[in-house]
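There are 2 protein chains.
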Amino acid sequence: MYTRTEENYLKAIYSLSKKEGKDVSTNSIADRLDTKASSITDMIKKLSAKKLVSYTKYKGVNLTKKGEKIAVEIIRNHRLWEVFLVDKLQFKWDEVHELAEQLEHVKSEKLINNLEAFLGFPKFDPHGDPIPDRLGVLPKREESKTLDEMLEDEKGVIVGVKNSEIEFLQFLEEHDLTLGKTITVQKRFSFDSSKVIGLNGESITLSEQVCKNIILKTS
Amino acid sequence: MYTRTEENYLKAIYSLSKKEGKDVSTNSIADRLDTKASSITDMIKKLSAKKLVSYTKYKGVNLTKKGEKIAVEIIRNHRLWEVFLVDKLQFKWDEVHELAEQLEHVKSEKLINNLEAFLGFPKFDPHGDPIPDRLGVLPKREESKTLDEMLEDEKGVIVGVKNSEIEFLQFLEEHDLTLGKTITVQKRFSFDSSKVIGLNGESITLSEQVCKNIILKTS
DNA sequence: CTTTATTTTTAGATTAATCTAAAAATATTA
DNA sequence: TAATATTTTTAGATTAATCTAAAAATAAAG
Ligand SMILES: [Mn+2]
Ligand SMILES: [Mn+2]
Ligand SMILES: [Mn+2]
Ligand SMILES: [Mn+2]
Chain A
-13 MYTRTEENYL KAIYSLSKKE GKDVSTNSIA DRLDTKASSI TDMIKKLSAK KLVSYTKYKG
47 VNLTKKGEKI AVEIIRNHRL WEVFLVDKLQ FKWDEVHELA EQLEHVKSEK LINNLEAFLG
107 FPKFDPHGDP IPDRLGVLPK REESKTLDEM LEDEKGVIVG VKNSEIEFLQ FLEEHDLTLG
167 KTITVQKRFS FDSSKVIGLN GESITLSEQV CKNIILKTS
Chain B
-13 MYTRTEENYL KAIYSLSKKE GKDVSTNSIA DRLDTKASSI TDMIKKLSAK KLVSYTKYKG
47 VNLTKKGEKI AVEIIRNHRL WEVFLVDKLQ FKWDEVHELA EQLEHVKSEK LINNLEAFLG
107 FPKFDPHGDP IPDRLGVLPK REESKTLDEM LEDEKGVIVG VKNSEIEFLQ FLEEHDLTLG
167 KTITVQKRFS FDSSKVIGLN GESITLSEQV CKNIILKTS
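Those protein sequence lines, which keep their order, are chains A and B. In terms of the numbering used here, the first sequence opens at residue -13 and continues consecutively. In terms of the numbering used here, the second sequence opens at residue -13 and continues consecutively.
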């Protein structure tokens, strides 16, 4: 139906428009996909001709309903494959993203629906990101906040991360800061917004940067 | 490492040279891949430059050790994915080939090795074809013959098919002629080489064409 | 051993996705 | 607002994979 490249553009535009709200700029897509702005302009014209994005020169793009539907489908594929790799094939959460980037483009509705059933209809992927159902509806997470927003003595369970880069995930893994772990804020230093937290009976110091990227459910 | 197209050419050359013995001709590859002969010549030059095939103009091609290694790797991927689809995701044996054609190109040694372990190190795919191990070694099947070669009153267990086209597989499925079934040759008609066989206590007539494409282990 | 038929290769085009360099539009700042 | 900087688009090339049509090589028939 659509080429792998087209799908990757749609996915990039989708997540950029979620993150930045407004129209998505040529340069931001170029950054995200690690290509040149001129290539983006070309592809945008193609996507626009196919009614997958709405585009006005110099003003940026937005996904149409049609374009968004495809983007969400690919995201669904991506996240279900990540669950498969972690739950069934013994992969760690920092090893699955690149592979899922390949697997997400395999074309078969039956495959992905059967895979979903095989995995027990998971609602979140190994990084805590929501998995769209077959209609494209994203599950809502219960009330949650970032560790950065938590106060001293507050307690919470890790339910997701905002950054899925390998180095960050490995850092968390090494400190046993994985999904489902319960932590308590022991101290907050106002001069740099770093925190000391309690985990497994031990204390760890975490930078503001780290705290901003951990999502918790506070009871 | 190699493009999807290159991999498909190598796979085609591999199976054609197994089937036909001698040098593989440009036209036979074109037929197999449903492309024009001129495209084949172009690609062969590319593969030759990469030392994946040995090629002399007008004389056809053969895989080098390097080329064969890649072809066998892709076949390993293909067959393991087929097992996954049938054993874990409820696919029928006539539904998996096209999907496996996509999945076989996903690049990750760890993925395929973990998948193999997850599946319990299967030796044959859903069509009875041998699955190369991680070193590229193909398991040997026990003594077997085609139904066409069997004599009256001879008994055997279906262990594979020589033709994996959807229509043929569906035909077999409808008659419950699936892997593992035991059948007995009840009668052979010499005028057209058709046979009446016994299966599940019933009798079925099968054409020579069909008999030539069913592989059995005779006790 | 010629002539004819078939197969294979070459030449030249096309399409998708990318790039560099330059031009045009928009945004910033003095 | 005018000058400057940044962003975006256009123009022209490149690479991979394919095609059609024509030329060259090989094989088959007479
Ligand atoms: Mn991912
Ligand atoms: Mn994820
Ligand atoms: Mn197959
Ligand atoms: Mn098979």
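Every residue gets a Cβ at the ideal spot worked out from N, C-alpha and C, and that includes glycine.
### Query
What distance in whole Å lies between the Cβ atoms of B:Ile61 and B:Val145, which are believed to be in contact at a cut-off of 8 Å?
If you number the second sequence from 1, residue 145 of chain B lands on position 159. If you number the second sequence from 1, residue 61 of chain B lands on position 75. That pair is no contact at about 18 Å.
#### Entry: B:Thr27 versus B:Met(-13) - alpha carbon distance
For this step, residue 27 of chain B is matched to residue 41 along the second sequence. For this step, residue -13 of chain B is matched to residue 1 along the second sequence. Cα-Cα distance, rounded: 21 Å.
### Query
Counting along the chain, where does the alpha helix (DSSP H) carrying B:Ser40 start and finish?
Position 54 of the second sequence, counted from the first residue, corresponds to residue 40 of chain B. First-last for B:Ser40: 39 to 42, but that is the beta strand (DSSP E), not the alpha helix (DSSP H).
### Query
Of the residues that make up the region 76 to 104 of chain B, which ones have a beta carbon closer than 9 Å to any beta carbon in chain A?
Correct list: Gln76, Phe77, Glu81, Glu84, Leu85, Gln88, Leu89, His91, Val92, Lys93, Ser94, Lys96, Leu97, Asn100, Leu101, Ala103, Phe104.
### Query
Counting only runs that start and end within the region 23 to 71 of chain B, where is the alpha helix (DSSP H) found for 4 or more residues in a row?
23 to 35
### Query
Leaving out the 5 sequence neighbours to the left and right, which residues in its chain are closer than 8 Å to B:Lys93 when beta-carbon positions are compared?
As a first step, residue 93 of chain B must be located in the second sequence, where it is residue number 107. Contacts found: Met(-13).
### Query
What does a CB cutoff of less than 8 Å around A:Lys148 pick up in its chain, not counting 5 residues either side in sequence?
On the first sequence, position 162 is the one that residue 148 of chain A refers to. Taken in chain order, the residues that qualify are Thr132, Lys198, Asn199, Ile200, Ile201.
### Inter-residue spacing [alpha-carbon to alpha-carbon] between A:Glu90 and B:Thr12
Position 104 of the first sequence, counted from the first residue, corresponds to residue 90 of chain A. Position 26 of the second sequence, counted from the first residue, corresponds to residue 12 of chain B. Whole-angstrom Cα-Cα distance: 34 Å.
### Query
CA-CA distance, A:Ala16 and A:Lys(-3)?
Within the first sequence, the letter at position 30 stands for residue 16 of chain A. Within the first sequence, the letter at position 11 stands for residue -3 of chain A. A:Ala16 and A:Lys(-3): Cα-Cα distance of roughly 13 Å.
### Query
Between the C-alpha atoms of B:Asp119 and B:Val82, what's the straight-line distance to the nearest angstrom?
For the purposes of this step, residue 119 of chain B is identified with residue 133 of the second sequence, where counting begins at 1. For the purposes of this step, residue 82 of chain B is identified with residue 96 of the second sequence, where counting begins at 1. Roughly 20 Å between the two C-alpha positions.
### Task
Closer than 7 Å by beta-carbon distance: list the chain B residues that pair up with A:Lys74, in chain order.
The residue given as residue 74 of chain A occupies position 88 in the first sequence. Ordered by position in chain B, the residues that pass the 7 Å Cβ test against A:Lys74 are Phe104.
#### Entry: B:Gly184 beta carbon less than 8 Å from that of B:Thr170
Counted from its first residue, the second sequence places residue 170 of chain B at position 184. Counted from its first residue, the second sequence places residue 184 of chain B at position 198. Going by C-beta atoms, B:Thr170 is nearer than 8 Å to B:Gly184.
### Query
Does the beta-carbon of B:Leu38 have 16 or more other beta-carbons within 10 angstroms, so that it is buried, or is it exposed?
On the second sequence, residue 38 of chain B is found 52 positions in, with the first residue counted as 1. The Cβ neighbour count for B:Leu38, taken over all protein chains shown within 10 Å, is at least 16; the residue is labelled buried.
### Burial state of B:Asn63 (16 or more Cβ within 10 Å)
Position 77 of the second sequence, counted from the start, is the residue given in the question as residue 63 of chain B. Classification of B:Asn63: buried, given that the 10 Å Cβ count is 16 or more.
### Query
Are the region 171 to 182 of chain B and the region 124 to 142 of chain B touching, with three or more C-beta to C-beta distances below 8 Å?
yes
### Task
With hydrogens ignored, establish whether the beta-carbon of B:Glu95 is closer than 7 Å to any heavy atom of ligand 2.
As a position in the second sequence, residue 95 of chain B is number 109, starting the count at 1. For ligand 2, not one heavy atom lies less than 7 Å from the Cβ of B:Glu95.
### Task
Taking B:Leu66 and B:Leu101 to be in contact with their CB atoms under 8 Å, please state how far apart those CB atoms are, rounded to whole angstroms.
Here residue 66 of chain B refers to the residue found at position 80 of the second sequence. Here residue 101 of chain B refers to the residue found at position 115 of the second sequence. Rounded, the Cβ-Cβ distance is 6 Å, consistent with contact.
### Query
Which stretch, first to last residue, makes up the beta strand (DSSP E) that contains A:Gln88?
Mapped onto the first sequence, residue 88 of chain A falls at position 102. A:Gln88 -> not in any beta strand (DSSP E); alpha helix (DSSP H) instead, spanning 83 to 89.
### Sheet register partners of A:Val196 (DSSP bridge)
Indexing the first sequence from 1 puts residue 196 of chain A at position 210. Note: A:Val196 sits in no beta bridge, so no partner.
### Message
Using the Cβ count rule (16 or more neighbours within 10 Å means buried), how would you classify A:Gly53?
### Response
Numbered from 1 along the first sequence, position 67 holds the residue referred to as residue 53 of chain A. Buried, because 16 or more other Cβ atoms sit within 10 Å of the Cβ of A:Gly53.
### Task
For the beta strand (DSSP E) containing B:Ile169, list its first residue and its last residue.
Looking up residue 169 of chain B in the second sequence gives position 183. Judged by DSSP secondary structure, B:Ile169 falls within the beta strand (DSSP E) whose first and last residues are 168 to 175.
### Cut-off 7 Å between Cβ atoms - residues of its own chain near B:Leu124, not counting five sequence neighbours on either side
Against the second sequence, residue 124 of chain B aligns to sequence position 138. So the list reads Pro116, Pro118, once near-sequence residues are dropped.
### Nearest candidate by alpha-carbon position, reference B:Lys74, set B:Gly114, B:Leu2, B:Leu19, B:Leu105
Translated into the one-based positions of the second sequence, residue 74 of chain B becomes position 88. Considering only alpha carbons, the answer is B:Leu105.
### Task
Pull up the distance between the alpha-carbon of B:Ser24 and that of A:Asp80, whole angstroms please.
Position 38 of the second sequence, counted from the start, is the residue given in the question as residue 24 of chain B. Position 94 of the first sequence, counted from the start, is the residue given in the question as residue 80 of chain A. Straight-line Cα distance between these residues: approximately 45 Å.
### Task
Would you decide whether A:Ile98 is buried or exposed? Buried here means 16 or more other CB atoms lie within 10 Å of its CB.
Position 112 of the first sequence, counted from the first residue, corresponds to residue 98 of chain A. Buried, because 16 or more other Cβ atoms sit within 10 Å of the Cβ of A:Ile98.
### Message
Quick check: the Cα distance between B:Phe175 and B:Glu140, rounded to an integer number of angstroms?
### Response
Here residue 175 of chain B is taken as the residue at index 189 of the second sequence, counted from 1. Here residue 140 of chain B is taken as the residue at index 154 of the second sequence, counted from 1. Rounded to whole angstroms, B:Phe175 to B:Glu140 spans 15 Å at the Cα level.
### Query
Looking at B:Glu68 and ligand 6, is the gap between the Cβ and the nearest heavy atom below 7 Å?
What this structure holds is ligand 1, ligand 2, ligand 3 and ligand 4, not ligand 6.
### Query
Alpha carbon to alpha carbon, what distance is there between B:Leu155 and B:Glu68?
Here the question's residue 68 of chain B lines up with position 82 in the second sequence. Here the question's residue 155 of chain B lines up with position 169 in the second sequence. Cα-Cα distance, rounded: 14 Å.
### Message
Just to confirm before moving on: does the CB-CB distance between B:Leu33 and B:Arg18 stay below 8 Å?
### Response
For the purposes of this step, residue 33 of chain B is taken as residue 47 along the second sequence, with counting starting at 1. For the purposes of this step, residue 18 of chain B is taken as residue 32 along the second sequence, with counting starting at 1. The answer is no: Cβ separation not under 8 Å.
### Query
Does DSSP put A:Ile152 in a helix, in a strand, or in coil?
Residue 152 of chain A sits at position 166 when you count from the first residue of the first sequence. In this structure, A:Ile152 counts as helix in the three-state DSSP scheme.
### Task
Could you pull out every residue in the same chain whose Cβ sits closer than 8 Å to the Cβ of B:Ile207, ignoring the five residues on either side in sequence?
No answer is possible for residue 207 of chain B: it lies beyond the span of chain B, which begins at -13 and ends at 205.
### Query
What is the DSSP secondary structure of B:Met117, reduced to helix, strand or coil?
Residue mapping note: residue 117 of chain B aligns to position 131 of the second sequence, counting from 1. The sequence shown places Ile at residue 117 of chain B, not Met. If DSSP states are grouped into helix, strand and coil, B:Ile117 belongs with coil.
### Task
Compare the C-alpha of A:Lys78 against each of A:Phe177, A:Glu159, A:Ser193 and name the closest.
Working through the first sequence from its first residue, we reach residue 78 of chain A at position 92. Answer by Cα proximity: A:Glu159.
### Query
With distances taken between CB atoms, is the gap from B:Val143 to B:Thr168 smaller than 8 Å?
Position 157 of the second sequence, counted from the first residue, corresponds to residue 143 of chain B. Position 182 of the second sequence, counted from the first residue, corresponds to residue 168 of chain B. Yes, they are a contact pair.
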